Amino acid sequence: MKSGPASAEENSLRLAILGPLRVWRQGAELHLGPPKQQSVLALLLVQAGQPVPLHHLVDSLWGDDPPERAVNVVHRHVGALRRLLEPGLTQRSDAHVLVRAAGGYRLDVGEDAVDLLRFRRLRDAGQEAVESDRPGEAADLLLQALSLRRGPTAASLPPGLRSHTDFAGVDAEFLRAAQAAAAAALASGRTEQALPLLRQAAQEDSLNEALQAGFIRVLAAEGFTAQALEQFQRIRTRLADELGVDPGPELRAAQAHVLRGTASPADDTPPATSAAPAHGDRSPALVRPAQLPADLRVFTGRREEIEHLDSLLTAGTHTAVTIGGTPGVGKTTLALHWAHRTARRFPDGQLYINLRGYDPAGDPLTPSMAICYFLESLGIPSERIPSGLDSQTALYRSVLARRRCLIVLDNARNAEQVRPLLPGNPACFTVVTSREQLTGLVASAGASLLNVDVLTVADAFDFLTRRLGRARVERSREAALAIVEHCGRLPLTLAIVCARAGSRPTAPLADIASELERSRDSLQAFTLSGASDPVTDTRSVFSWSYRALTGHAADAFRRLWLSPSHTVSLQAAASLTGLPMRRTRQVMSELHRASLWIEYRSGHYSTHELLKKFSQELSRAEDAEGVVEGARQRLYDHYLHTAHNASSAINTHREHPTLPAAAPGTQVMTFAGNAYAADWLHHEMPALHAIAVRDADNGAGVRPWRLAAVLELILDRSGRRQEQTEIQSAALLAAQRAGDTRGQAQMHRSLGFALGRTGQRAQAANHLGKALEFFSEEGDLLGEALSHRYMAFLKNAGEAHGEALTHYEAALALYRKAHHEIGIASVTNEVGWTRILMRDYEGAVEHCRQAVQIAHRIGNLNVEAASWDSLGVAHHRLGREPEALRALHRALGHYRSLNDAYLIADTLVHIGNVHSPASPDKARQSWTEALAILDSLGHPEGDLIRERLKDVDGGPR
Numbered sequence: 002m003k004s005g006p007a008s009a010e011e012n013s014l015r016l017a018i019l020g021p022l023r024v025w026r027q028g029a030e031l032h033l034g035p036p037k038q039q040s041v042l043a044l045l046l047v048q049a050g051q052p053v054p055l056h057h058l059v060d061s062l063w064g065d066d067p068p069e070r071a072v073n074v075v076h077r078h079v080g081a082l083r084r085l086l087e088p089g090l091t092q093r094s095d096a097h098v099l100v101r102a103a104g105g106y107r108l109d110v111g112e113d114a115v116d117l118l119r120f121r122r123l124r125d126a127g128q129e130a131v132e133s134d135r136p137g138e139a140a141d142l143l144l145q146a147l148s149l150r151r152g153p154t155a156a157s158l159p160p161g162l163r164s165h166t167d168f169a170g171v172d173a174e175f176l177r178a179a180q181a182a183a184a185a186a187l188a189s190g191r192t193e194q195a196l197p198l199l200r201q202a203a204q205e206d207s208l209n210e211a212l213q214a215g216f217i218r219v220l221a222a223e224g225f226t227a228q229a230l231e232q233f234q235r236i237r238t239r240l241a242d243e244l245g246v247d248p249g250p251e252l253r254a255a256q257a258h259v260l261r262g263t264a265s266p267a268d269d270t271p272p273a274t275s276a277a278p279a280h281g282d283r284s285p286a287l288v289r290p291a292q293l294p295a296d297l298r299v300f301t302g303r304r305e306e307i308e309h310l311d312s313l314l315t316a317g318t319h320t321a322v323t324i325g326g327t328p329g330v331g332k333t334t335l336a337l338h339w340a341h342r343t344a345r346r347f348p349d350g351q352l353y354i355n356l357r358g359y360d361p362a363g364d365p366l367t368p369s370m371a372i373c374y375f376l377e378s379l380g381i382p383s384e385r386i387p388s389g390l391d392s393q394t395a396l397y398r399s400v401l402a403r404r405r406c407l408i409v410l411d412n413a414r415n416a417e418q419v420r421p422l423l424p425g426n427p428a429c430f431t432v433v434t435s436r437e438q439l440t441g442l443v444a445s446a447g448a449s450l451l452n453v454d455v456l457t458v459a460d461a462f463d464f465l466t467r468r469l470g471r472a473r474v475e476r477s478r479e480a481a482l483a484i485v486e487h488c489g490r491l492p493l494t495l496a497i498v499c500a501r502a503g504s505r506p507t508a509p510l511a512d513i514a515s516e517l518e519r520s521r522d523s524l525q526a527f528t529l530s531g532a533s534d535p536v537t538d539t540r541s542v543f544s545w546s547y548r549a550l551t552g553h554a555a556d557a558f559r560r561l562w563l564s565p566s567h568t569v570s571l572q573a574a575a576s577l578t579g580l581p582m583r584r585t586r587q588v589m590s591e592l593h594r595a596s597l598w599i600e601y602r603s604g605h606y607s608t609h610e611l612l613k614k615f616s617q618e619l620s621r622a623e624d625a626e627g628v629v630e631g632a633r634q635r636l637y638d639h640y641l642h643t644a645h646n647a648s649s650a651i652n653t654h655r656e657h658p659t660l661p662a663a664a665p666g667t668q669v670m671t672f673a674g675n676a677y678a679a680d681w682l683h684h685e686m687p688a689l690h691a692i693a694v695r696d697a698d699n700g701a702g703v704r705p706w707r708l709a710a711v712l713e714l715i716l717d718r719s720g721r722r723q724e725q726t727e728i729q730s731a732a733l734l735a736a737q738r739a740g741d742t743r744g745q746a747q748m749h750r751s752l753g754f755a756l757g758r759t760g761q762r763a764q765a766a767n768h769l770g771k772a773l774e775f776f777s778e779e780g781d782l783l784g785e786a787l788s789h790r791y792m793a794f795l796k797n798a799g800e801a802h803g804e805a806l807t808h809y810e811a812a813l814a815l816y817r818k819a820h821h822e823i824g825i826a827s828v829t830n831e832v833g834w835t836r837i838l839m840r841d842y843e844g845a846v847e848h849c850r851q852a853v854q855i856a857h858r859i860g861n862l863n864v865e866a867a868s869w870d871s872l873g874v875a876h877h878r879l880g881r882e883p884e885a886l887r888a889l890h891r892a893l894g895h896y897r898s899l900n901d902a903y904l905i906a907d908t909l910v911h912i913g914n915v916h917s918p919a920s921p922d923k924a925r926q927s928w929t930e931a932l933a934i935l936d937s938l939g940h941p942e943g944d945l946i947r948e949r950l951k952d953v954d955g956g957p958r
């Protein structure tokens with residue numbers, strides 16, 4: 002929320018939500034559009050000044066079943082609201098009122114522009130006056146706050162949206178303020194002003210006993226004794242008829258004061274005569290439950306999670322939190338540890354129940370069973386508990402309405418199981434643990450979500466230390482770290498290994514680490530004994546989630562182990578399963594809700610390595626070999642064809658291998674712009690590397706060399722020399738095993754180029770020579786021409802520039818024979834660069850200008866940019882700085898439009914070189930930007946620029 006004055010635009014807006022949703026701009030009321038659009042505005046308005054995540058808007062509008070394009074619909078509504086609130090807005094980036102923030106949107110308006118913000122400011126000031134013992138001032142401020150309300154929050158929205166928890170929370174704020182206002186009015190004698198506002202509040206929440214007690218006292222203070230007693234009788238009857246309970250102590254005390262002729266709130270103890278209710282003794286005896294299971298004495302880590310839970314309780318913005326995460330990650334342990342730490346803040350007790358959502362012992366508990374258990378724990382005799390779930394829920398919430406309790410709902414199956422167990426009293430707090438991602442509770446109950454990840458390395462090491470003793474762990478520090486790595490930092494597997502190590506106190510930790518290494522492809526090492534313990538056996542714990550999956554989701558889980566890394570995209574998952582994209586999205590959503598594969602960003606999922614091992618074991622036991630091989634082929638084709646399309650979009654100046662058709666069911670991505678293509682390649686490079694090497698090691702010849710050929714220039718530009726050499730070497734061996742001459746030619750050429758980059762010139766020349774032989778025998782003009790260019794590059798690196806020009810002449814002849822103008826332009830530019838190396842700068846200018854003209858005529862931006870860059874360097878060497886900068890900035894503009902990060906950095910380095918003698922600050926600016934790009938790529942050339950920056954004015958500032 003802004004602390005400074007509002008802008009002129011904001012001052013022209015007034016927004017109201019304490020009643021019907023209304024907006025005025027410059028005094029004129031606005032038409033707010035369709036209900037969904039109004040709901041988006043209302044959801045932003047109740048959290049004005051705070052970011053509202055996009056997923057919260059989607060969940061609030063559609064609950065558990067949003068349409069496929071829900072996010073786009075929200076964006077459209079936001080766009081319409083922007084135009085409404087800020088007419089004349091030309092670009093989203095210029096928005097000042099409805100802005101992007103933290104994965105969602107934020108409504109930035111001045112505090113005086115929104116009735117809810119004014120209400121909260123007055124209420125908070127009133128509360129401060131109460132705490133400072135200034136009752137008259139407190140009453141005035143609180144009554145001013147209440148007077149701003151014109152009805153239930155967002156009253157103009159349709160009932161289904163109006164009942165959302167965000168709006169109900171604001172209504173609850175009003176009712177709590179009304180209670181405080183009643184007490185302040187009684188204490189200061191301002192009951193006349195308070196009476197009409199309290200009457201409105203009392204009508205809205207007739208079963209709120211604290212509010213009704215305050216209203217009854219105010220009626221009596223104003224001389225309406227008969228009305229006060231009638232109101233008590235009316236509420237007493239409703240409590241008995243609807244909830245089966247009698248008035249509580251506060252309400253009975255208010256009646257007693259009326260009967261004694263005083264409305265003073267000082268004495269809240271009811272007389273003995275008022276304790277006997279008219280309809281028999283229905284009030285339960287006060288029972289203080291303390292049901293939390295024991296805390297773990299060696300609890301480790303989770304500092305950030307505990308601080309988050311503490312902040313929720315302190316802020317008072319949520320009354321429930323759901324703790325989710327992978328099976329075995331320690332959700333229950335965290336919940337119980339925090340509950341014990343916080344128990345003293347809940348004087349009326351702590352309730353705990355295992356809902357058995359994922360349990361080997363049987364079916365999940367029904368909500369009715371859980372509520373009956375809680376009611377009996379709270380002192381309600383079983384014969385007094387009604388039979389229907391709605392009645393049970395009403396009684397449960399009524400009993401908790403006068404108490405401050407902590408409720409822990411452990412191992413929940415889904416949101417439907419939990420909803421009836423959430424109290425209505427905001428003084429209570431509920432902690433829910435579940436393997437399911439209970440996002441439905443966010444929309445329907447205002448719960449906060451906390452996802453628990455594996456332990457950090459430091460916390461996992463501390464985990465071992467606390468259980469095995471510091472001396473034993475410190476003696477074998479490397480072995481302890483290896484155990485942490487093999488366990489995947491998962492608390493369940495760490496605990497199992499610690500139990501085994503504890504039973505063998507003299508065994509070196511190195512022996513245990515070696516056992517884990519030998520069984521790294523199996524979960525057998527994470528079983529305490531030969532017999533399966535359903536609580537401590539890792540397979541059993543994982544299996545509870547697997548058995549709860551639907552058929553397609555279970556099939557997908559068994560296929561996903563084939564993903565080459567612990568992450569997978571939606572398209573890769575669809576290729577593995579062979580399902581359409583829409584169905585795959587549903588399947589992955591189910592796996593996400595079960596915490597087996599977590600959607601860490603839109604359309605991308607990750608899992609724990611041990612869960613992949615589990616799915617691999619299941620696949621080997623349940624899936625036919627042909628099914629697995631089909632999934633493997635589709636996955637490979639997805640990566641091969643999509644990488645081909647991405648590289649083709651970026652590297653328009655290079656030939657790419659022709660690919661066979663992808664297997665049926667493969668999802669192949671296409672790229673309209675090279676920015677998206679570059680992002681995909683960057684994100685998927687670990688998977689591409691792993692699958693290229695894995696497939697080559699499996700002995701296939703055609704597939705790996707094609708993927709290696711596609712990745713060649715991508716790896717080179719990003720400076721991944723070791724990965725490039727590894728992939729090309731593996732692909733060459735596979736092509737040789739298969740007798741694939743074309744693949745051998747391609748890989749000899751690619752490997753020769755990669756080795757030349759690392760200074761291994763003799764080996765590079767050997768491979769490039771073989772490539773020339775193969776391509777010549779095949780009659781592949783373009784392949785032979787590119788091999789000559791690579792050989793020329795190698796000769797230039799060895800300062801044999803004359804030999805380099807000979808190879809360029811051969812390449813140029815081949816390109817002319819093939820009528821390949823892109824190749825002709827590229828060679829012409831590379832000859833120009835060779836002339837620069839030979840210090841023939843005028844000759845370089847001539848060749849580079851010619852290359853620019855050819856590339857521009859044929860419309861190839863890659864070659865044109867490269868030629869402008871070479872031309873700029875040539876001008877720089879001739880001392881023509883203005884011409885050099887003009888050419889280099891032309892190159893930079895082209896590379897930025899191509900999103901070629903490495904060549905953007907390379908050109909920035911050249912621009913810095915031009916500026917360096919006369920304008921060191923400009924040189925520093927260019928080199929610093931280049932360094933940031935190279936570091937983001939992990940490119941080794943970044944170290945050279947770092948050294949260059951040290952020489953400018955004594956180093957980086």
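The sequence shown runs 2 to 958 under my numbering.
Glycine included, every Cβ here is placed at the ideal spot set by N, Cα and C.
These numbers come from a predicted model, not from an experiment.
- With a cutoff of 8 Å on beta-carbon distance, Val322 and Leu451 are scored as near each other.
- For Tyr601, the number of other beta carbons within 10 angstroms of its own is below 16, and it is reported as exposed.
- Between the alpha carbons of Ser620 and Gln668 lies a distance of about 22 Å.
- Looking at Arg467, Thr578, Leu580, the one whose alpha-carbon comes closest to that of Ala500 is Arg467.
- For Gln351, the enclosing beta strand (DSSP E) starts and ends at 351 to 355.
- At least 8 Å separates the beta-carbon of Glu623 from that of Arg721.
- In the displayed model, Pro54 falls within a strand according to three-state DSSP.
- Nearest C-alpha to Gly441 among Ser920, Ala693, Arg385, His165: His165.
- The criterion of a C-beta distance shorter than 8 Å is satisfied by Glu223 and Glu193.
- When the beta-carbon positions are compared, Leu899 and Gly873 stay at least 8 Å from each other.
- The stretch 626 to 673 contains no complete beta strand (DSSP E) run of 3 or more residues.
- Annotation: Gly489 to Pro67 spans about 35 Å, alpha carbon to alpha carbon.
- Exclusion of the five residues before and after Thr226 leaves Val259 as the residues of its chain whose Cβ lies within less than 7 Å of its Cβ.
- DSSP lists Val453 as the bridge partner or partners of Gly326.
- Beta-bridge pairing by DSSP links Thr568 to Ser607.
- Considering only Pro21, His57, Gly674, Ala214, the residue with the shortest C-alpha distance to Leu158 is Pro21.
- Taking the C-beta atoms as reference points, Leu44 is found nearer than 8 Å to Leu58.
- Each residue's CA atom was taken as its position, placing Gln292 and Ile324 some 19 Å apart.
- In the structure shown, the three-state DSSP call for Ser435 is strand.
- DSSP places Glu193 within a helical segment (H, G or I) once states are collapsed to three.
- Secondary structure note for Trp339: its alpha helix (DSSP H) is the uninterrupted segment 332 to 343.
- Check the Cα spacing between Ala156 and each of Ala647, Asp109, Leu19, Leu904: the tightest is with Leu19.
- Annotation: the continuous beta strand (DSSP E) that includes Leu108 extends over 105 to 108.
- Annotation: the continuous beta strand (DSSP E) that includes Trp25 extends over 23 to 26.
- Listed as beta-bridge partners of Ile825 by DSSP are no residues whatsoever.
- In the structure shown, the three-state DSSP call for Tyr601 is strand.
- By the Cβ test, the stretch 840 to 859 is in contact with the stretch 821 to 829, since at least three Cβ pairs between them sit closer than 8 Å.
- Between Leu337 and Pro294 a beta carbon distance of about 6 Å is seen, short of the 8 Å cut, so the two are scored as contacting.
- Partner residues in the beta bridge of Ile408, as assigned by DSSP, are Leu352, Thr431.
- Counting C-beta atoms within 10 angstroms of its own C-beta, Gly803 has fewer than 16 neighbours from the protein chains shown and is therefore classed as exposed.
- Straight through space, the alpha carbons of Thr835 and Ala892 are spaced by roughly 19 Å.
- Beta-carbon to beta-carbon, Pro368 and Ser596 are separated by about 22 Å, too far to satisfy the 8 Å threshold.
- Counting along the chain, Arg119 sits inside the alpha helix (DSSP H) bounded by residues 116 to 132.
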